[in-house]
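Data first, discussion second: the structure below is written as structure tokens.
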Amino acid sequence: MTISALPLDTLPRGLTYARARLYLGITGVGSAVLLSAAMLYFRIPSQGLSLSSAQPVPAALFRVGLIFAFAPMAFLMFDLIGGAWLVRRREWASTWLTRWLRGVAVQWVVWMLSAAALMLASRAGGTPAAVAVFVVVQLLLAAGRGRMSRVIANLPVVPTPDRIARAATQAGLDVSRLEVVESPDESFVGGWSGLTAHTLVVPARWAQLSDAALTAMLRRRHIIGTSGAHMRGVFGAIGWNTIGFVVALLLTGVSPSSAGGVVTLAAAMTLWAFVGVLLLPTPSRAAVYAIDAAATASTDIASMTAGIEQLDKWQDDEPVRRAGVETVFHPVPGRRGRITRLVANAGAVKAWHAHHLARHALWLSWGACTPLSRAVHCNVGRTALWAMLPGD
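All residue numbers for the sequence shown refer to the numbering used here, where the first residue is 24 and numbers rise by one.
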């Protein structure tokens with residue numbers, strides 16, 4: 024149940040909602056990175072956990088499970104602030120806690136399944152088998168992203184409203200491929216689910232958009248799917264994470280065949296995910312601009328502007344950002360920058376444009392048991408946004 028809006032005047036003077044969340048994300052991500060770096064530098068996993076593959080798998084997984092259960096507790100403060108206090112619409116504490124417990128339980132299960140698969144594969148076939156299993160885990164996570172978002176946050180599927188169905192038809196979408204989801208978090212934007220553009224998850228809240236804006240935003244989704252931008256984002260993210268996985272194995276010298284190896288690998292992949300947080304937003308923003316231009320060519324600037332403005336108001340509501348802040352922290356450009364670059368160009372989306380590359384890389388990093396994917400400013404503490412992160 025939603026009980027109140029965030030009283031923004033309670034924030035320190037000059038501190039906006041978006042900037043407050045950014046600072047929270049920086050602190051949370053920084054803490055995760057420092058903790059992971061310390062674990063690797065001081066070889067903490069090897070001191071408390073076995074690095075031997077001779078240890079029985081059940082015993083090794085039991086110890087890994089205890090470590091994975093501790094991780095959410097260690098970051099509870101960040102989740103509490105980001106999910107229960109620093110949000111636009113507050114819920115009863117018990118409601119938020121129930122959602123959070125469900126979310127961390129699902130993540131724990133995914134981590135344990137990944138750890139078990141990596142451990143068994145590594146014992147059976149060495150490093151090549153572990154890498155292959157990691158790729159398969161990512162493929163499964165990508166294929167089930169829409170379903171997983173509902174499982175994590177208990178989001179119900181609702182009948183497609185007539186307005187959304189009509190707008191989807193006008194946008195060139197097959198209505199049967201739509202999955203309209205009710206989310207308590209207004210920053211939930213849905214998106215394509217699947218390795219290719221298979222199922223389009225649409226927030227029920229989008230029915231509040233004007234007809235023109237709704238059609239324009241669905242037209243963008245259509246272009247993301249048909250241009251291959253979604254597929255390139257997914258496979259680009261899988262490639263990025265897999266490179267990091269191999270690098271982590273080489274640099275740490277461990278194998279996920281043991282409890283200590285799994286935890287060491289998770290720490291190393293947290294550092295790799297952090298590198299992705301810094302580097303991948305740049306190509307992600309380029310894809311957003313290209314898709315905007317392609318959609319403008321088949322709609323109009325006014326409709327695109329209305330849709331971009333409303334979706335941003337439901338998220339950060341930050342019209343203008345400093346260039347340095349956007350370059351490092353935001354894979355989706357600020358709305359003022361997007362609107363000023365709305366020029367119709369039907370052929371704007373090129374073969375190198377990968378939509379949501381940064382967002383996909385974070386979600387798929389669940390397969391490497393890293394907590395960084397849900398510690399970033401846009402989704403910390405907000406379970407509805409852990410699988411399908413906020414976007415355009």
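Note that the Cβ used here is the ideal one computed from N, Cα and C, for glycine as well.
Handout entry: 8 angstroms contact criterion, which residue 314 and residue 358 should meet: CB distance rounded
Key = Rounded to whole angstroms, the Cβ separation of residue 314 and residue 358 is 15 angstroms, and the two are not in contact under 8 angstroms.
Exercise for the section: Run the CB neighbour count on residue 199, radius 10 Å, all protein chains shown included, and call it buried at 16 or more, exposed below. Expected result: Exposed, because fewer than 16 other Cβ atoms sit within 10 Å of the Cβ of residue 199.
Practice task
Kindly identify the DSSP beta-bridge partner or partners of residue 226.
Solution key: In DSSP, residue 226 forms a bridge with 204.
Exercise for the section: Can you give me the start and stop residues for the alpha helix (DSSP H) that residue 216 sits inside? Expected result: Careful: residue 216 lies outside any alpha helix (DSSP H), inside the beta strand (DSSP E) at 214-216.
Practice task
With a cut-off of 8 angstroms on the beta carbons, I'd call residue 414 and residue 105 a contact; round off their distance for me.
Solution key: Not confirmed; about 18 angstroms, so no contact.
Practice task
Determine the contact status of residue 138 and residue 87, defining contact as a CB-CB distance below 7 angstroms.
Solution key: Against a cut-off of 7 angstroms, the Cβ pair of residue 87 and residue 138 comes out as a contact.
Problem - Contact under 7 angstroms by Cβ, residue 47 with residue 290 - result: Not a contact, by the Cβ cut-off of 7 angstroms.
Problem - Per-residue burial, residue 375 [other beta carbons within 10 Å of its own, 16 or more giving buried] - result: With fewer than 16 other CB atoms across the displayed protein chains lying within 10 angstroms of its CB, residue 375 is exposed.
Problem - Span of the beta strand (DSSP E), counted from its first residue to its last, around residue 12 - result: Lying outside 24 to 415, the shown extent of the chain, residue 12 is not represented and no answer is given.
Handout entry: Collapsed DSSP secondary structure at residue 404 in the structure displayed
Key = Looking at residue 404 - three-state DSSP - the assignment turns out to be coil, as it is neither helix nor strand.
Handout entry: Limits of the unbroken alpha helix (DSSP H) element including residue 349
Key = Residue 349 -> alpha helix (DSSP H) spans 346-352.
Handout entry: Residue from 190, 131 and 202 with nearest C-alpha to residue 85
Key = Distance check between residue 85 and each of 190, 131 and 202 places 131 closest, using alpha-carbon atoms only.
Exercise for the section: Specify, as a first and last residue, the run of the alpha helix (DSSP H) that residue 47 falls within. Expected result: Start and end: 40-64.
Problem - Proximity test, Cβ basis, 7 angstroms: residue 349 and chain E - result: Looking for chain E here will not work: only one protein chain is present.
Problem - residue 414 in three-state terms, based on DSSP - result: Coil.
Problem - Exposure label - residue 224; buried when at least 16 CB within 10 Å - result: By the neighbour-count criterion, in which a residue is buried when 16 or more other Cβ atoms sit within 10 angstroms of its Cβ, residue 224 is buried.
Practice task
Over the uninterrupted alpha helix (DSSP H) stretch that includes residue 264, give me the two end residues.
Solution key: Per DSSP, residue 264 belongs to the alpha helix (DSSP H) from 252-275.
Problem - Where the alpha helix (DSSP H) containing residue 279 begins and where it ends - result: Run containing residue 279: none; DSSP gives neither H nor E here.
Handout entry: Supposed contact pair residue 278 and residue 75 - C-beta distance, whole angstroms, cut 8 angstroms
Key = Not confirmed; about 10 angstroms, so no contact.
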